[in-house]
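Residue numbers (our numbering): 560 to 851.
What follows is the structure, encoded as structure tokens:
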């Protein structure tokens with residue numbers, strides 16, 4: 560239906576004097592007409608049309624000898640498509656091609672021995688030094704990290720976890736449902752970004768979670784030849800410097816925040832503990848960046 564025709568239909572509905580829906584009164588009739596007109600005009604404005612009249616509501620609006628089917632109007636507005644959008648499905652489609660590419664590499668990576676799998680880390684680092692960027696290595700690096708996780712932890716990241724890892728690598732927030740393995744997701748982008756040699760911080764809320772994740776997920780990174788660090792309370796400056804220089808460092812938000820403040824108050828270069836900021840994965844991001 561053209562815009563002009565739809566406007567004419569809306570005018571007909573708006574000016575109707577009697578709308579017969581069961582035993583509706585004149586006041587109810589005008590209310591229905593106003594709701595339908597509002598829905599039509601909101602569609603022209605590009606906003607989300609209110610559900611004043613459902614698609615299946617069959618109301619005949621009569622003006623003289625002409626009749627307008629409100630149901631037909633709303634069929635043309637395609638309200639089903641406007642309100643039945645699944646964000647998760649949209650996200651899946653966006654990353655599906657890369658997920659398929661990672662899955663195709665799985666059989667090839669499975670055939671590697673432990674030593675050959677570990678050697679992939681040095682290979683990736685050399686390719687980065689040769690000019691390749693991290694995005695071009697993402698699929699291979701994720702396939703290697705997935706296989707290492709299977710061998711070390713007995714856990715194979717599923718497709719949804721690959722997607723979560725890609726979202727984190729891009730610097731975005733990945734909201735995942737309970738049971739989708741958020742902790743395992745971090746292994747993938749942490750490994751990829753650590754290949755640059757500039758360091759990765761994994762920021763958690765509690766000391767116990769920090770140590771648990773380091774001891775468990777850190778096994779995958781150590782298997783692949785990366786050094787994993789841990790920051791805790793009451794550490795001396797030299798030890799903090801050493802742990803922050805690791806390829807991947809687990810730290811709580813409070814320790815990281817206070818180390819940043821202390822570095823800004825330091826009077827000597829030797830007192831600084833943090834390295835240059837490169838890539839950080841934040842667990843419980845809503846709690847850390849908003850509540851804390």
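Just so it is clear, CB atoms sit at the ideal spot from N, CA and C, and this is done for glycine as well.
On the criterion of 16 or more Cβ atoms from any shown chain inside 10 Å, does residue i qualify as buried, or is it exposed?
i, result
"residue 907", "This structure cannot settle anything about residue 907, because the visible part of the chain is limited to 560 through 851."
"residue 626", "Its pLDDT being 48, under 50, residue 626 is placed unreliably by the model, and the measurement read from it follows with that caveat. The residue is exposed, with fewer than 16 neighbouring Cβ atoms inside 10 Å."
"residue 724", "buried"
"residue 849", "exposed"
"residue 679", "buried"
"residue 698", "buried"
"residue 769", "buried"
"residue 749", "buried"
"residue 713", "exposed"
"residue 745", "buried"
"residue 727", "buried"
"residue 837", "exposed"
"residue 592", "A caution first: residue 592 carries a pLDDT of 45, below 50, which makes its placement in the model unreliable, though a value can still be read off. Residue 592 comes out buried."
Select from the options the residue whose C-alpha is nearest the C-alpha of residue i.
i, options, result
"residue 657", "783, 840, 700, 836", "700"
"residue 766", "651, 711, 790", "790"
"residue 683", "820, 669, 702, 764", "702"
"residue 839", "827, 741, 815", "815"
"residue 784", "675, 841, 662", "675"
"residue 743", "769, 776, 771", "776"
"residue 841", "731, 651, 662", "731"
"residue 835", "647, 824, 819, 843", "819"
"residue 773", "665, 810, 655", "810"
"residue 780", "794, 695, 681", "681"
"residue 729", "662, 654, 830", "654"
"residue 660", "829, 794, 695, 648", "695"
"residue 677", "817, 782, 651, 645", "782"
"residue 665", "649, 788, 651, 715", "715"
For residue i, which beta-bridge partners are listed by DSSP?
i, result
"residue 819", "None; residue 819 has no bridge partner."
"residue 650", "According to DSSP, residue 650 bridges with nothing at all."
"residue 759", "807, 838"
"residue 874", "Past the boundaries of the shown model lies residue 874; the chain is included only from 560 to 851, so the question cannot be answered."
When the distance is taken between beta carbons, is residue j closer than 7 Å to residue i?
i, j, result
"residue 807", "residue 753", "yes"
"residue 693", "residue 747", "no"
"residue 799", "residue 832", "yes"
"residue 778", "residue 711", "yes"
"residue 823", "residue 762", "no"
"residue 764", "residue 843", "yes"
May I ask you to check if the CB of residue i is nearer than 6 Å to at least one heavy atom of the ligand FMN?
i, result
"residue 792", "As far as ligands go, the structure on display features none, and thus does not contain the ligand FMN."
Review point. Does the pairing of the region 756-766 with the region 729-743 give three or more beta-carbon distances under 8 Å?
Key: No: the two stretches stay apart, fewer than three of their Cβ pairs being nearer than 8 Å.
Practice item. For the region 679-692 and the region 710-722, state whether three or more C-beta atom pairs, one from each stretch, are separated by less than 8 Å. Key: The answer is no - the region 710-722 does not touch the region 679-692, with fewer than three Cβ pairs under 8 Å.
Check your understanding: Are at least three pairs of beta-carbons, each pair with one atom in the region 803-810 and one in the region 692-711, less than 8 Å apart?
Key -> Remark: fewer than three beta-carbon pairs, one from each stretch, lie closer than 8 Å, so the region 803-810 and the region 692-711 are not flagged as touching.
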